[in-house]
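Chains as they are written, first to last, in the working numbering: chain H, 3 to 115; chain X, 9 to 122.
Pasting the structure below:
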C-alpha cells in the first residue's frame, strides 16, 4: 500500500518568514495530494490540494508543489502569521482505492511573533 | 459546521467499559472513515465503510468494531476499554468513488478512560 513520510516533525519560524513542509510518497499511482491544518483540539481542515496533472497550485499565502518523478510534494507558507501555528498533515490517494487517503505523520508549525 | 456530525463531543468512562461513538456523514457522501488521534500523535486509520460495507481496515484493535447503517450513519464500538484508548476519535466522510476529493472531518469525540 501507499506510504507517506513527512518532514520535519516540528518547525519553528519567525513571524513573516516562510515555512516549507515536505512529503514523499511511495506509490507512483498516487494522483491526489491534499494538505490539512489542525489547530489544537480541533478537526483537521483541508487547506489546499493538488492533482497529479498539475505541478503547482497557489492560494494566497499558501502553495503546494508536486514532483511526480521524485514522488514528493511540498507545502509552502509565505509571510507566516501566528495564526498559522498548527499541525499540518499531508496525504496521498491512489485511484480506485475507495478515495482512501494515507496521511503523513504531521508537522507542528510554530510561528513566533 | 463541516456537515459531518459526531456525537458525543466528550465521553468519560471507566476501564473495562464499552462505549459507542456515532457519526453522520455529510449529505451525499457514501464513505465513512474512522481515525484515532492520541495526544500529540498523528491520525491513525481505523476502518472505512462504503455504502454500508466494510472497505478497508487499518490498525483497529479486536476490541473495537464498527458498522455503517442503511441511512449511512456509522457507529464505532469500543469495548473492554483501557487507559491507552483515551484519544480523540475522528470520523471523516467522502463521496467514496469517482473523482477523489479530500475528506471532510467531523469535530471528533474526545474519549477519556479513567
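Idealized CB from N, CA, C, for every residue including glycine.
Residue closest to residue i, alpha-carbon to alpha-carbon, out of the options
| i | options | result |
| --- | --- | --- |
| residue 48 of chain H | H:13, H:4, H:91, H:96 | H:91 |
| residue 110 of chain H | X:56, X:44, X:49 | X:49 |
| residue 34 of chain X | X:51, X:110, X:72 | X:110 |
| residue 75 of chain H | H:97, H:28, H:46 | H:28 |
| residue 31 of chain H | H:65, H:16, H:4, H:51 | H:4 |
| residue 57 of chain X | X:89, X:80, X:29 | X:80 |
| residue 100 of chain X | X:85, X:89, X:32, X:88 | X:32 |
| residue 80 of chain H | H:13, H:14, H:22 | H:22 |
| residue 92 of chain X | X:76, X:69, X:75 | X:69 |
| residue 41 of chain X | X:122, X:84, X:90 | X:84 |
Straight-line gap, residue i to residue j (C-alpha atoms, nearest Å)
| i | j | result |
| --- | --- | --- |
| residue 102 of chain X | residue 39 of chain X | 5 Å |
| residue 101 of chain H | residue 93 of chain H | 11 Å |
| residue 46 of chain X | residue 19 of chain H | 30 Å |
| residue 82 of chain X | residue 63 of chain X | 13 Å |
| residue 119 of chain X | residue 71 of chain H | 42 Å |
| residue 36 of chain X | residue 115 of chain H | 42 Å |
| residue 43 of chain X | residue 62 of chain H | 30 Å |
| residue 67 of chain X | residue 13 of chain X | 23 Å |
| residue 78 of chain X | residue 61 of chain X | 10 Å |
| residue 98 of chain X | residue 23 of chain X | 21 Å |
| residue 65 of chain H | residue 24 of chain H | 12 Å |
| residue 113 of chain H | residue 78 of chain H | 14 Å |
| residue 75 of chain X | residue 28 of chain X | 11 Å |
| residue 17 of chain X | residue 95 of chain H | 29 Å |
| residue 112 of chain X | residue 34 of chain H | 15 Å |
| residue 86 of chain X | residue 96 of chain X | 13 Å |
Neighbour-count burial assignment, residue i, 16 or more Cβ in a 10 Å radius
| i | result |
| --- | --- |
| residue 15 of chain X | exposed |
| residue 68 of chain H | buried |
| residue 56 of chain H | exposed |
| residue 26 of chain X | exposed |
| residue 46 of chain H | buried |
| residue 105 of chain X | exposed |
| residue 114 of chain X | buried |
| residue 107 of chain X | exposed |
| residue 121 of chain X | buried |
| residue 51 of chain H | buried |
Contact belief for residue i with residue j at Cβ below 8 Å, rounded distance in angstroms
| i | j | result |
| --- | --- | --- |
| residue 117 of chain X | residue 54 of chain X | Contact flag wrong, Cβ pair sits at about 13 Å. |
Given 8 Å, three or more beta-carbon pairs between the region 87-106 of chain H and the region 3-10 of chain H: As far as the Cβ criterion goes, the region 87-106 of chain H touches the region 3-10 of chain H, which means the pair count is three or higher.
Cβ contact check for the region 34-53 of chain H and the region 75-91 of chain H: 3 or more pairs under 8 Å: Touching, per the Cβ criterion.
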